[in-house]
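Q:
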Amino acid sequence: MTQNQTEGCQNRGLAQASATLSEIAAANRGMSHSSVMVHQVYCDLTVGEEIVAEKSELGLRVTVALVLALVGLLMLAVSVTMPNPLDQTMGPGYVPAIMGACTLILSSWEALAGIREWRGSSASNPKMQGVHVRLAALLKEESNWLTLTALLVVSLLLWSTLGSLVGMIAASFSLIWVDRALGLKKGILFAVILSFSLWFLFEQILKVSLE
Amino acid sequence: MDGLLAGFAVALTPENLLWALLGALLGTLVGILPGLGPAATCAILLPLTLYVPPTASLILLAGIYYGAQFGGSTTSILLNIPGESASVVTCLDGYPLAQKGRAGLALAMSAIGSFVAGTIGLVLFTLAATPLAEAGLAFGPPEMFMLMLMVLVVAGAFGESLTKGLVAGAVGLMLAFVGADPISGINRFVFGIHYLYEGFEFVPVAVGLFAIGEVFSYLWHRDGGEKIVIPPVSFRSLFPSISETIASGWAIVRGSFIGFFTGLLPGMGAVAASFISYSVEKRLSKHPEQFGKGAIEGVASPEAANNSAVIGALLPMFALGLPGSATTAILLAGLMMWGLQPGPLLMVQHPDLVWPVIASLYIANFALLAINLPGAAVLAQVARIPLRWLMPVVLVLSLTGAYASTNSIFGPVVALAFGFIGFLFRRTGYPAAPLLLGVLVGDSLEQNLRRSLGLFQGDFTVFFTRPLCLAILFLTVLLLIAGNRIYRAEKV
Numbered sequence: 364m365t366q367n368q369t370e371g372c373q374n375r376g377l378a379q380a381s382a383t384l385s386e387i388a389a390a391n392r393g394m395s396h397s398s399v400m401v402h403q404v405y406c407d408l409t410v411g412e413e414i415v416a417e418k419s420e421l422g423l424r425v426t427v428a429l430v431l432a433l434v435g436l437l438m439l440a441v442s443v444t445m446p447n448p449l450d451q452t453m454g455p456g457y458v459p460a461i462m463g464a465c466t467l468i469l470s471s472w473e474a475l476a477g478i479r480e481w482r483g484s485s486a487s488n489p490k491m492q493g494v495h496v497r498l499a500a501l502l503k504e505e506s507n508w509l510t511l512t513a514l515l516v517v518s519l520l521l522w523s524t525l526g527s528l529v530g531m532i533a534a535s536f537s538l539i540w541v542d543r544a545l546g547l548k549k550g551i552l553f554a555v556i557l558s559f560s561l562w563f564l565f566e567q568i569l570k571v572s573l574e
Numbered sequence: 053m054d055g056l057l058a059g060f061a062v063a064l065t066p067e068n069l070l071w072a073l074l075g076a077l078l079g080t081l082v083g084i085l086p087g088l089g090p091a092a093t094c095a096i097l098l099p100l101t102l103y104v105p106p107t108a109s110l111i112l113l114a115g116i117y118y119g120a121q122f123g124g125s126t127t128s129i130l131l132n133i134p135g136e137s138a139s140v141v142t143c144l145d146g147y148p149l150a151q152k153g154r155a156g157l158a159l160a161m162s163a164i165g166s167f168v169a170g171t172i173g174l175v176l177f178t179l180a181a182t183p184l185a186e187a188g189l190a191f192g193p194p195e196m197f198m199l200m201l202m203v204l205v206v207a208g209a210f211g212e213s214l215t216k217g218l219v220a221g222a223v224g225l226m227l228a229f230v231g232a233d234p235i236s237g238i239n240r241f242v243f244g245i246h247y248l249y250e251g252f253e254f255v256p257v258a259v260g261l262f263a264i265g266e267v268f269s270y271l272w273h274r275d276g277g278e279k280i281v282i283p284p285v286s287f288r289s290l291f292p293s294i295s296e297t298i299a300s301g302w303a304i305v306r307g308s309f310i311g312f313f314t315g316l317l318p319g320m321g322a323v324a325a326s327f328i329s330y331s332v333e334k335r336l337s338k339h340p341e342q343f344g345k346g347a348i349e350g351v352a353s354p355e356a357a358n359n360s361a362v363i364g365a366l367l368p369m370f371a372l373g374l375p376g377s378a379t380t381a382i383l384l385a386g387l388m389m390w391g392l393q394p395g396p397l398l399m400v401q402h403p404d405l406v407w408p409v410i411a412s413l414y415i416a417n418f419a420l421l422a423i424n425l426p427g428a429a430v431l432a433q434v435a436r437i438p439l440r441w442l443m444p445v446v447l448v449l450s451l452t453g454a455y456a457s458t459n460s461i462f463g464p465v466v467a468l469a470f471g472f473i474g475f476l477f478r479r480t481g482y483p484a485a486p487l488l489l490g491v492l493v494g495d496s497l498e499q500n501l502r503r504s505l506g507l508f509q510g511d512f513t514v515f516f517t518r519p520l521c522l523a524i525l526f527l528t529v530l531l532l533i534a535g536n537r538i539y540r541a542e543k544v
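Heads up: the protein sequence lines correspond to chains A and B, in order.
For this note's numbering, count along the first sequence from 1 and bump the result up by 363.
For this note's numbering, count along the second sequence from 1 and bump the result up by 52.
(1) Contact check, residue 453/B vs residue 98/B under 8 Å by CB: the rounded distance?
(2) Would residue 264/B pass as an interface residue toward chain A - the criterion being a Cβ-Cβ separation below 7 Å?
(3) Within 7 Å (strictly less), CB to CB, does residue 503/B reach chain A?
(4) Between which two residues does the alpha helix (DSSP H) holding residue 455/B run?
(5) Tell me where the alpha helix (DSSP H) around residue 107/B begins and ends.
(6) Is the Cβ of residue 226/B closer than 7 Å to any Cβ of chain A?
(7) Under a CB-based cut-off of 7 Å, is residue 236/B close to chain A?
(8) Contact defined as beta carbons within less than 8 Å: I believe residue 166/B pairs with residue 359/B. What is the distance between those atoms, to the nearest angstrom?
(9) Output yes if chain B places a C-beta closer than 7 Å to the C-beta of residue 444/A; else output no.
(10) For residue 293/B, count the other beta carbons within 10 Å of its own beta carbon; 16 or more makes it buried, fewer makes it exposed. Which is it?
(11) Roughly how many angstroms separate the alpha carbons of residue 374/B and residue 114/B, rounded to a whole number?
(12) To which residues does DSSP link residue 503/B through a beta bridge?
(13) What is the DSSP secondary structure of residue 68/B, counted as helix, strand or coil?
(14) Mind listing the chain A neighbours of residue 462/B? Cutoff is C-beta to C-beta under 9 Å, in chain order.
(15) Name the chain B residues that come within less than 8 Å of residue 471/A, Cβ to Cβ?
(16) Could you tell me if residue 306/B is buried or exposed, where buried requires 16 or more neighbouring beta carbons within 10 angstroms of its beta carbon?
(17) Evaluate the contact criterion for the region 401-416 of chain B versus the region 224-236 of chain B: three or more CB pairs, one atom per stretch, below 8 Å.
(18) Let me know the secondary structure DSSP gives residue 239/B once reduced to three states.
(19) Should residue 103/B go down as buried or exposed, given a rule of 16 or more other Cβ atoms within 10 Å for buried?
(20) By the three-class DSSP mapping on this structure, what secondary structure does residue 529/B have?
(21) Between residue 532/B and chain A, is any beta-carbon pair separated by less than 7 Å?
(22) Taking 7 Å as the threshold (beta carbon to beta carbon), is residue 240/B in contact with chain A?
(23) Pick out whichever of 461/A, 453/A, 433/A has its Cα sitting closest to the Cα of residue 510/B.
(24) What is the DSSP secondary structure of residue 232/B, counted as helix, strand or coil?
(25) Measuring CA to CA, which of 193/B, 238/B, 151/B, 55/B is closest to residue 623/A?
(26) Nearest CA to the CA of residue 420/B: which residue from 66/B, 121/B, 107/B, 88/B?
(27) At the 7 Å Cβ level, is residue 101/B part of the contact set with chain A, yes or no?
(28) At which residue ranges does the region 287-340 of chain B contain complete alpha helix (DSSP H) runs of 4 or more residues, listed in the order of the chain?
(29) For a contact meaning CB atoms closer than 8 Å, what does residue 479/A contact in chain B?
(30) Can a CB atom of chain A be found closer than 7 Å to the CB of residue 326/B?
(31) Who are the neighbours of residue 423/A on chain B, taking C-beta pairs under 8 Å?
(32) Let me make sure I understand the geometry here. Which of 139/B, 101/B, 174/B, 151/B has the alpha-carbon closest to that of residue 417/B?
(33) Apply the 10 Å Cβ neighbour rule to residue 388/B and answer buried if 16 or more other Cβ atoms are within range, or exposed otherwise.
(34) Does residue 431/A come within less than 7 Å of chain B when only Cβ atoms are used?
(35) For the structure I just gave you, are there three or more beta carbon pairs, one from the region 481-495 of chain B and one from the region 257-267 of chain B, closer than 8 Å?
(36) Would the beta-carbon of residue 321/B fall within 7 Å of that of residue 361/B?
And the structure:
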């Protein structure tokens, strides 16, 4: 608690904290500076936890939307390469391709809305400034999932259009871009290792299904 | 009318009478229990009904669906905990009435309202079912495709976000495409897994989404451990005064009609019906300021509406083969499991199945009144069952049901996977009903689309130029707008 209190005060700015403490102490006679400080830091922590919870929900929302977009993309990719032995106008891949595309577009839209909300709430909430350091650490886990999913979506998209190697290189760049865009610079290595493993798995599944 | 009389002859056999009463009682208990809904219960019981005749199974499941609306109000009034999503509105005035010591009045009005609405709904069903099914026979593949598309699009429109509803429907359709292509027979999206060659079985998907998803949610939140105290309700307090009866009478009649016609529309269901009827009552009332503080019309009207909405929702299901909600989707899946083809022909070819179910609902309506009017406070004790006891039972029954329906360990695996999806959907605000509807109607939707385009040489304009298709399209747009407005009103 003591370390958290110190961090909290440092982050809010000592001058501002001191002024606030004096104001509150003046308003609450009998309350010392230190007890007011403890109270304030406690409030900051509570606010921080609320923000973390809100961010966690948003992170999950974006992750789910991106996973669904990935599923849509996968269905689209498999559908367009599906054989049409009866040579029909609409082969077996026709309707699934439409649905895959619809899911991809709608889920991406939903994911983008979530990301916009994420960034918007970070920028507009002044209370975020005080707990920024702890928040960034706590959000590390979310960032891993987020970057991982974003990587998978972009990778598969690029893979289906550009081919394996180029797609992989482009995906690596896009990963860094996503991470930077969200202001989170942790967990990249973890995400890269995991996504390349999954990449391999997906490629195998696709190969099997196409054969 | 002859069909209904013949239906009564079947429904009044001792065996079917027992199924109807069991369904009504189970439905009431499910309605009272906040952790379990009719969709989850019907999904769990669906594979078990394979061992009883189809008519008896449908009587049981329809009784649960209908009875849950009766029971849902009990905990709303006594504890301010809606047992059913459609009973949320009942909390607004029911609980304040209970706090004023008038819980008996609220419970009585809720039961009487539900009974009257059920009767009105059943009469309307009886009058409309055959003409609607005959009209449905005129529908070609383009119209059927547009109807199914409307069901899917609109089912997601009454939630938090239209985009999320559409995504859920699209995911459901994608899952329906797994397995053999209905026209060419080619296996699609099976990834070499032989369990997927016949596609996803409906039962594991349904129990996963609704029952196991609920278990996962409970594990995540770990709520429900608090002690519940049920306030006492005396027998004398169940009788309303003359002025209260008059005030509630019209509210019940209005709620019954609003509920029935709202229930007819896909996606709307009992929840929307109760919200609409409540807001109509509030607008018509001479004392709108009383609403939210214990107005008896605020209990009677939504309770009437949610009951007749259930009957309304059964009409397109039986007459056209169109499910408008998760529970009707499960009932429809039951018909398919028993080898019946849902659609307009069902009522023509199998009146022996449809009419006994409707007749049994007339009987269940009386049984529910007898159970709920004097026994609501006693039955409410069920709400005291701790979720830590209930949820393991739900999990075991769900997994057993998933196994029984597939005769393979893949069933429980699919159920668990869909349980996780259901849990994620709950947490992130995606509605699960459109997904389930997508899985159910996906095959039929694709076949109708491809048949339509085959018949009209790949011309897509057929969906916008045929008069009936245009009318369905227009109705879809209207419902989307209405859905958005109702959701906003619910939030306020």
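Even for Gly, the Cβ is constructed at its ideal location relative to N, Cα and C.
Keep in mind the model is a prediction, meaning the values are calculated, not measured.
A: Taking the geometry as given:
(1) With a contact defined as Cβ atoms closer than 8 Å, residue 453/B and residue 98/B qualify at about 7 Å.
(2) So no, residue 264/B is outside the interface.
(3) For residue 503/B, no Cβ of chain A is located within less than 7 Å of the residue's own Cβ.
(4) That run of the alpha helix (DSSP H) goes 439-458.
(5) Unbroken alpha helix (DSSP H) run through residue 107/B: 106-131.
(6) It does; some Cβ of chain A falls within 7 Å.
(7) Yes - at least one Cβ of chain A is within 7 Å of the one on residue 236/B.
(8) Their Cβ separation, rounded to whole angstroms, is 4 Å, which keeps residue 166/B and residue 359/B in contact under 8 Å.
(9) Chain B contact via Cβ: absent.
(10) When all chains shown are included, residue 293/B counts as exposed.
(11) The straight-line gap from Cα to Cα measures roughly 16 Å.
(12) Bridge partners of residue 503/B: none, in fact.
(13) Looking at residue 68/B - three-state DSSP - the assignment turns out to be helix.
(14) Correct list: empty, because the minimum Cβ distance to chain A is about 17 Å.
(15) Going along chain B, no residue has its Cβ under 8 Å from residue 471/A, so there is no contact; the nearest lies around 10 Å.
(16) Result: buried.
(17) No: fewer than three Cβ pairs fall under 8 Å.
(18) Three-state result, residue 239/B: strand.
(19) By the 10 Å Cβ count, residue 103/B comes out exposed.
(20) The answer is helix: DSSP assigns residue 529/B an H, G or I state.
(21) Under the Cβ distance rule, residue 532/B does not count among the residues neighbouring chain A, no pair being separated by less than 7 Å.
(22) So, interface residue.
(23) Closest option to residue 510/B, Cα to Cα, is 453/A.
(24) When DSSP states are grouped into helix, strand and coil, residue 232/B belongs to the strand group.
(25) Because chain A here runs from 364 to 574, residue 623/A falls outside it and cannot be looked at.
(26) Considering only alpha carbons, the answer is 121/B.
(27) So, not an interface residue.
(28) Runs found: 294-316, 321-336.
(29) What residue 479/A touches in chain B, judged by beta-carbon distance under 8 Å, is nothing: the nearest beta carbon there is about 13 Å away.
(30) Taking CB atoms only, residue 326/B has no neighbour in chain A less than 7 Å away.
(31) By Cβ distance, chain B contributes 476, 479, 480.
(32) The alpha carbon of residue 417/B has as its nearest neighbour, out of 139/B, 101/B, 174/B, 151/B, the alpha carbon of 174/B.
(33) Residue 388/B comes out exposed.
(34) Chain B contact via Cβ: present.
(35) Because the criterion of three Cβ pairs below 8 Å is met, the region 481-495 of chain B and the region 257-267 of chain B touch.
(36) Cβ atoms of residue 321/B and residue 361/B: closer than 7 Å.
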